[in-house]
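Chains as they are written, first to last, in my numbering: chain A, 12 to 445; chain B, 979 to 1132.
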């Protein structure tokens, strides 16, 4: 290998290996905890001790970090969180009595301290199992104006340690709200925090989607008086528009490329086209009679699911990108729209308008088997979008009247509001990653 | 309230014919004064009327066909005018699909107008999907008014 001739590179590699090795070993041990928890409630039980601190400033930081970590772990729906039992510390010398956590049914114990070094918050966290084995010990340097980030970093490490998967912490959601009186694009963190307005068109902005690499934001906008496709390069803050006769509807990025698919109608029918990030049209993808709309790609980018009326009423179809051959996916119901392909590639979410007039979210395997209804009996539930790790789903619901954003676990359990915000919110896309 | 629209239509059609006969060398036909707050599209913008559709359909119904013929007559009488055909949907169904459906409604109306002799170049189409409902109600009476193609004089 050419690398081995470079002594600097070798030493960097050795250092990196030393840094990652202990963590990897611990992550393997964590598999045991998954096994243990599955025998019981299906959730891993965590005892969260309050972060210790000395000094007024440090205890303020510790309190807010406690809240961040607890809130983030709670949000995942993966854990039972419990306070420390009274006998967790020896009354005389303060040593840990880790045996006490198994007596309350917990799998791991989490504790830490908050201190400061020249005004910089230092979060020192430890994770033990009930036998007293240290699973994780890590120090985080924080920023006073963004303590939340520090708490989320630890929470992300903990989730990865205990589940073997990346967490949703650090991801974000783009969506549409009419809070200002006009529909504009907004973003928020995975848990609905840090809401920011991204467009100020004063017009109608719809269906935002961020590319897999986080570089581009695509959406439909009526700024010119007509619905055009807009693509913003977020790294350079440059926006291009695709102005064609007719409509432009609901773009979706193709994984592994800088291309998105969107519906245009400048050649007559509403067909799906592949668009380059510079706004040029690459090629037409569908040539079906009627409406073709709402593309979503398999994670390898080789297949596209979409809505078509080529056989009458709107149904979901899957098309092979190389051959162009399409097959029908949905046969139950006569108004199936809004497909969303799972990050694992096995499932596709969609919405179905039922006989009652209610719109509900369904999941189906990409081979057409295993259809499952995820929402029911609570008015309209629309526009499902997977979290990047595939563990959760964000959607809009009119269950409380106006359309608001909700999240649920991938199996439809634990449905709850995502954020509090004036006006209506809709068309969420969980496509921001850190 | 549903009796108002047929009533205003019944008054409006002879009134337009009467005014048209009186002022035939004026290019713009003034509509009747704004009497009752008519739920039908305001004839102030253009003396043409909306056409309406069944749910999830873009097929022109026979009564819409009659209205399109009248709209085409107006286009013939106002040869200097162009028109935008706005396709709209009711709030049911999903909004991305409705954007496409609104476009198909506008396209269908345009093709029908062309069959009555209106020049393609004088008409453009735009879809607003379910973004601009005429009636913000949440029942079939409101939805029926929102599934429409609206004619805007340019």
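Ideal placement from N, C-alpha and C gives every residue a C-beta, glycine not left out.
- Name the two residues that bound the continuous beta strand (DSSP E) containing residue 310 (chain A). Where residue 310 (chain A) is concerned, there is no enclosing beta strand (DSSP E), given that its DSSP letter is neither H nor E.
- Task: Residues of the segment 313-344 of chain A with a CB closer than 8 Å to any CB of chain B: list them in chain order, please.
- Result: So the list reads 318, 324 and 325, given in the order they occur along the chain.
- Task: Grab the span of the alpha helix (DSSP H) containing residue 167 (chain A) for me, first residue to last.
- Result: 158-174
- Within the 8 Å Cβ cut-off, does residue 215 (chain A) reach chain B? For residue 215 (chain A), the closest Cβ of chain B is nearer than 8 Å.
- Considering only C-alpha positions, which residue in the set B:1089, B:1075 and B:1095 is nearest to residue 476 (chain A)? This structure cannot settle anything about residue 476 (chain A), because the visible part of chain A is limited to 12 through 445.
- Query: Would you say residue 1072 (chain B) reaches chain A, if we count a Cβ-Cβ gap shorter than 8 Å as a contact?
  - Reply: yes
- Query: When the cut-off is 8 Å and only beta carbons count, does residue 1105 (chain B) lie next to chain A?
  - Reply: yes
- Query: What did DSSP end up calling residue 506 (chain A) once you bin it into helix, strand or coil?
  - Reply: The shown model of chain A, from 12 to 445, leaves out residue 506 (chain A), and the question about it has no answer.
- Residues that residue 1078 (chain B) bridges to, as DSSP identifies them: None, per the DSSP bridge assignment.
- Message: Given this structure, state the Cα-to-Cα distance separating residue 351 (chain A) from residue 107 (chain A), to the nearest angstrom.
- Response: 48 Å
- Task: Report yes if the CB atom of residue 233 (chain A) is closer than 8 Å to the CB atom of residue 214 (chain A), and no otherwise.
- Result: Result yes, Cβ atoms of residue 233 (chain A) and residue 214 (chain A) sit closer than 8 Å.
- At 7 Å on the CB atoms, spell out the chain A contacts of residue 1078 (chain B), in chain order. 258, 260, 274, 281, 302 and 304
- Would you verify that the beta carbon of residue 1044 (chain B) is, or is not, closer than 8 Å to some beta carbon of chain A? no
- Query: Residues in the segment 1034-1067 of chain B with C-beta within 8 Å of chain A's C-beta atoms, listed in sequence order?
  - Reply: Per Cβ criterion, the list reads 1034.
- Message: Measuring alpha carbon to alpha carbon, tell me which residue in A:95, A:65 and A:160 is nearest residue 128 (chain A).
- Response: A:65
- Query: Would you say residue 1131 (chain B) reaches chain A, if we count a Cβ-Cβ gap shorter than 8 Å as a contact?
  - Reply: no
- Task: Output, in sequence order along the chain, the residues in the segment 355-385 of chain A whose CB is closer than 9 Å to any CB in chain B.
- Result: 362, 364, 368 and 370
- Message: Please state the DSSP three-state secondary structure of residue 218 (chain A).
- Response: strand
- Message: Tell me the rounded alpha-carbon separation between residue 10 (chain A) and residue 1029 (chain B).
- Response: No answer is possible for residue 10 (chain A): the residues shown for chain A start at 12 and end at 445.
- What residue from A:92, A:184, A:356 and A:297 has the CA that sits closest to residue 480 (chain A)'s CA? Because chain A in this structure spans residues 12 to 445, residue 480 (chain A) falls outside the shown range and cannot be described.
- Task: Look up residue 348 (chain A) in the DSSP assignment and say whether it is helix, strand or coil.
- Result: The answer is strand: DSSP assigns residue 348 (chain A) an E or B state.
- Query: So who's on the other strand from residue 243 (chain A), going by DSSP bridges?
  - Reply: A:228 and A:250
- Taking just the CA atoms, how far does residue 418 (chain A) sit from residue 111 (chain A)? 35 Å
- Message: If I follow the unbroken alpha helix (DSSP H) through residue 128 (chain A), where does it start and stop?
- Response: Not the alpha helix (DSSP H): residue 128 (chain A) falls in the beta strand (DSSP E), residues 119-128.
- From the DSSP output, in three-state form, read off residue 443 (chain A) for me. Correct three-state label for residue 443 (chain A): strand.
- Item | Cβ-based contacts, 7 Å cut-off: residues of the segment 1083-1098 of chain B near chain A | Of all residues in the segment 1083-1098 of chain B, none places a beta-carbon less than 7 Å from a beta-carbon of chain A.
- Using beta-carbon positions only, say whether residue 298 (chain A) and residue 324 (chain A) come within less than 8 Å of one another. no
- Message: Checking 8 Å against the spacing of the C-beta atoms, do residue 440 (chain A) and residue 219 (chain A) come in under that value?
- Response: Taking 8 Å as the Cβ cut-off, residue 440 (chain A) and residue 219 (chain A) qualify as a contacting pair.
- Task: Would you mind working out which of A:411, A:357 and A:316 sits nearest residue 339 (chain A), comparing C-alpha positions?
- Result: A:316
- Provide the residue(s) that pair with residue 199 (chain A) in DSSP beta bridges, ordered along the chain. Under DSSP, the beta-bridge partners assigned to residue 199 (chain A) are A:184.
- By DSSP, does residue 1121 (chain B) sit in helix, in strand, or in coil? helix
- Message: So, at 8 Å on beta carbons, what are the nonlocal neighbours of residue 1084 (chain B) in its own chain, with the 5 sequence-adjacent residues on each side left out?
- Response: 1063, 1064, 1065, 1103, 1104, 1105 and 1127
- Query: Quick one: Cα of residue 282 (chain A) to Cα of residue 275 (chain A), how far?
  - Reply: 6 Å
- Item | Interface partners of residue 395 (chain A) on chain B, CB under 9 Å | Per Cβ cutoff of 9 Å: no residues; residue 395 (chain A) is ~11 Å from chain B at best.
- If you follow the alpha helix (DSSP H) that residue 73 (chain A) is part of, which residue opens it and which one closes it? 67-87
- Task: With 8 Å as the threshold, decide whether the Cβ of residue 440 (chain A) is near any Cβ in chain B.
- Result: no
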